[in-house]
Amino acid sequence: RVSGVALAPSTTPSHFEVARMSEIVEDHRVDIRNADSVKGLIQKIQPDFIFHLAAQALVGKSYADPQETYHTNVIGTLNVLEALRALNKPCVAIMVTSDKCYDNADWVWGYRETDALGGADPYSASKGAAEFVIRSHVKSFFPVDGNIRVAVARAGNVIGGGDWSLSRIVPDCVRAWAVGGSV
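Per our numbering, the sequence shown runs over residues 453 to 635.
Structure below.
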């Protein structure tokens, strides 16, 4: 059984709707900024695995609405972790942040897990802050021999999985191609 938790799709087309995923996935519309809703849903579902990918992932939007970005990316992550604390069963959680969580040193090579976290823009800073929240909760509340296992993955979000928002390279190219334009 697979459950999905998200806000309603914000773009058209929506791959979730086109692929008729609601026929395959238990679809729950919950805002991760609402701690009670997240905790209640996780208690109801009783998951064995959680893949936390929810985020405000648009750099441009982070400048337009930094408060929503921080609430979603930091407090939303905290709400998932707090819901896990209340879960009284084994569960593996994969918390996905972003490669933008690193302090941008403007060098030519890729970042390593030992590099400094941070970020000068609201999006990057919010993802770095989420990393600190995850690290703190793992060390403070999830012992190695406990029921909850947490791992972090840092993914680039340039393309997105069916994300048709502006400033996504593949969707922008498709939109431009459809009208005979260029990116």
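Note that beta-carbon positions come from the ideal geometry of N, C-alpha and C, so glycine has one too.
Pairwise C-beta distances place the region 519-529 out of contact with the region 554-561, as fewer than three of them are shorter than 8 Å. Comparing alpha-carbon positions, the option among R606, M473 and P595 lying closest to E583 turns out to be R606. Around H480, the same chain offers S455, G456, V457 and L493 as residues with beta carbons nearer than 7 Å, after the five sequence neighbours per side are excluded. Taking 4 residues as the shortest admissible run, the region 526-570 contains the following complete alpha helix (DSSP H) segments, listed from N- to C-terminal end: 528-537.
Note on Y554: 16 or more other CB atoms within 10 angstroms of its CB, so buried under the neighbour-count rule. Here DSSP, grouped into helix, strand and coil, assigns G512 to helix.
V490 is not a Cβ neighbour of N525, given a cutoff of 7 Å.
Following the DSSP letters along the chain, one finds F594 in no alpha helix (DSSP H), marked with neither H nor E.
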